[in-house]
Each structure stands twice: as structure tokens, then as C-alpha cells.
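Mapping of the sequence shown onto numbering that gives the first Met the number 0: position 16 corresponds to residue 15, and the numbering continues sequentially without gaps.
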Amino acid sequence: MDTMTPTTRAQQYWYLVTLGRDALLRELAPLKLPDSATRDPLALAGRCLAADPIGFPEAHQAAERALVPLRGARTFTATVTEEDITVEHTGIVPVLGEREAGDVTGWYAELLLFEHSALLNKAAYRLSRMPGDRTWIVDSDFHPSGHPGTLHAFGSKRLGRTRTLLPPFVAELDRLIAQGPGGAT
């Protein structure tokens, strides 16, 4: 099986399109860009990553500040088998830690997934695992366009049907928690 990993540029792009988009918009706000320039997450991330640090320093610096969580990201490789097809994924975890929701403390994670077969940006999630949860719950996910498919506040999606992660990804997040702070292997 090919063990390709996504390039740094691919990771940065997918992060700015999805999980880091709100931070990017906050960083760009002082530039007072027109709505037409910020509406499309794919185009905005591409323009900011391509921004010349000398010719367009404000956009370049905004992207650099929005990318801070990705610099300390932990990574893992997981194999998923569905309907007799085995696919390897690289998981990038820019944020993993405890967070409070009201008077309850649970785990929060941000996860970017890349499929090895073509290094496709498979998914981007904001996840939570509150006390009593048996697995990680998907609070937010993103379409390939970068626009959110589901948006729930941390720890709020507990009633009725909930979307969860596949077991190989759950095991990797749990392993990263058990490792404690620092980089993943």
C-alpha cells in the first residue's frame, strides 16, 4: 500500500478552507475586503496561501496567523476497510485537548483526513467526547467546497442520532490523548 502523505501546502490549504476559515476571516477583517472576495472558501484560501509576503504582506501575514494551530499538529496513519476495499488515511490533528461546555469538561479535537489513494481531502471535523460518551461525536463537518455541512457547538449534539467517527480514527485519537502533549508518531 502506498504511504503517501499530504504536502504541507495541501494541509495548509485544506485547513484554511475548513477548520481555520473562521480564524482566517478574523485575521483578514481589518483589510475590509468585499464579501465577493471572502465568500468562496476555496478561492480565498488559495489566494491567501499564494499571497506574496512582499507584494501582499497583509494577506500573507493573515494566513500565517490563521495557520498557527496547524504548525503543532499531530499526525497519524489509519487504515479503513469498507466493503472489501482497504484505504489508508493520514489524519492531521491541529487541536486536541480538554474544553468546557457549561459545567462539564470533555475532549475537543479538530481532525483533517486525507485519503492516500489520491491524497484527496477526505474530511474535516470538529469533534467532542464528553463524559459518558463511548466514542467521538461529530459536532461540525465540511463539504468539499469548504462550506459547513453540520455546525453544532462543542458538546451540544447529544440527543437523537449523532454522527460518530469510524473505529480506526477513534483509536488514533484515543492513542494521541494517552500519549499526552507533544507530537504524534
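Built from N, CA and C at the ideal position, the CB exists for glycine as well.
Here the structure is a predicted model, which means the values were calculated and not measured.
The residue from T4, D51 and A50 with its alpha-carbon nearest to that of G90 is T4. Residue nearest to D102 within the set E109, M129, V94 and K121 is M129 (criterion: CA-CA distance). In terms of Cα proximity to H59, the closest of L66, C47, R70 and L69 is C47. Residue range R20 to L27 is occupied by the alpha helix (DSSP H) that includes E26.
Close CB contacts of P93 within its chain, under the 6 angstroms cut and outside five residues either way in sequence, are with P68, L69, A72 and E109 (chain order). Secondary structure at L126: strand, using DSSP grouped into helix, strand and coil. Judged by DSSP in its simplified three-state form, A65 adopts helix.
Under the criterion of beta carbons closer than 8 angstroms, A61 and L18 do not qualify as touching, at roughly 16 angstroms.
The bridge partners DSSP lists for R73 are V92. H151 and L32 have their C-alpha atoms roughly 28 angstroms apart. Distance from the CA atom of L172 to the CA atom of F55, rounded to whole angstroms, is 38 angstroms. In this structure, the straight-line span from the alpha carbon of A65 to that of D140 is close to 19 angstroms.
The Cβ-Cβ distance between L165 and V86 does not fall below 7 angstroms.
A100 is positioned such that its CB atom lies closer than 7 angstroms to that of F153. CA-CA distance, G131 to T104, rounds to 11 angstroms.
Around the beta carbon of A170, fewer than 16 other beta carbons sit within 10 angstroms, so the residue counts as exposed. In the DSSP assignment, L112 falls within the unbroken beta strand (DSSP E) covering V103 to E114. Residue pairing for E87: DSSP places it in a beta bridge opposite T78.
Nearest to R38 by alpha-carbon distance, out of R162, H146, F75 and H142, is H146.
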